Structure formats: C-alpha cells, structure tokens
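A.B. asks: This structure is in structure tokens; I'll ask about it shortly.
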Amino acid sequence: KYLKRQIVVYTAQYNAWKNDALKQLLGSKNKLKINFPVILNCQFYCKTRHRKDLSAFYEGIQDVLVEANVLEDDNSNIIVGHDGSRIHYDKEQPRIEIKILKVK
C-alpha cells in the first residue's frame with residue numbers, strides 16, 4: 002500500500018535562505034498585496050553548475066512571496082506563468098532576481 006500523505010522536509014540551507022528572503026521582503030516599502038494575474042520571471046544565479054530542480058525553486062519563491070504578503074496566494078488564478086525564467090551560473094554572486102509582470 003502507498004501512503005497518500007505528502008511529507009515536506011526543509012533543509013537547513015532552505016530555511017536559512019527563506020529567513021533571509023523574508024527579512025529582505027518584509028523590510029521593503031512595498032505594501033501591495035497582489036491579487037490579480039501575474040507572470041513571475043525568475044532568474045536564478047547559482048553558485049555551482051550542478052543539476053537543479055526548477056520546480057522546487059518556483060515553490061520556494063512563491064511560498065516566500067505569499068508569506069511576505071507580496072502575493073495574496075500562489076494559485077493559478079494569480080500566478081499564471083513563469084515566462085522567461087532561467088537558471089544561470091554565477092560563482093561570485095549567487096542570487097535570485099524576480100520580476101512580477103501584470104497580465105493584461
């Protein structure tokens with residue numbers, strides 16, 4: 002038999018990233034809570050060239066944007082796509098650059 006329960010395990014590295022991201026977002030002056038259709042364009046600049054799971058990157062970003070009250074929710078009525086998102090290599094300055102584009 003298979004369990005129908007999903008178990009999410011966060012790593013110490015993810016938790017450190019999440020806490021840092023929340024500090025940065027909560028410290029910003031942006032008080033807009035987006036509740037209209039948008040496209041998230043995410044540019045992930047990673048320290049290594051190792052294989053990455055892009056969908057896991059999206060999940061983390063979306064969860065943080067909701068927790069920081071930038072997005073009302075991360076459902077498909079609000080985040081309609083991730084057009085143009087990419088993973089890049091930058092050993093010297095790993096980072097994530099996010100553009101939130103309103104869908105017309």
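Using my numbering, you'd call the opening residue of the sequence shown number 2 and step up by one each time. For each residue, glycine too, the CB sits at the ideal point set by N, CA and C. As the structure is a computational prediction, the values presented were derived from the model and not from experiment.
1) Check whether the segment 24-39 touches the segment 93-100, taking contact to mean three or more Cβ pairs, one atom from each stretch, closer than 8 Å.
2) I'd like the span of the beta strand (DSSP E) that includes residue 44, first residue to last.
3) Roughly how many whole angstroms lie between the Cα atoms of residue 85 and residue 42?
4) Please report the distance separating the alpha-carbon of residue 58 from that of residue 40.
5) Report yes if the C-beta distance between residue 100 and residue 37 is below 8 Å; otherwise report no.
6) Quick check on the DSSP output: the beta strand (DSSP E) that includes residue 90 runs from which residue to which?
7) What number of angstroms, rounded off, separates the C-alpha of residue 49 from the C-alpha of residue 14?
8) Kindly give me the distance between the Cβ atoms of residue 75 and residue 64, rounded to whole angstroms, as I take these residues to be in contact under 8 Å.
C.D. replies: Put simply:
1) no
2) Where residue 44 is concerned, the enclosing beta strand (DSSP E) starts and stops at 39-47.
3) 6 Å
4) Between residue 58 and residue 40, the C-alpha separation is close to 15 Å.
5) No, they are not a contact pair.
6) 87-90
7) 15 Å
8) 7 Å
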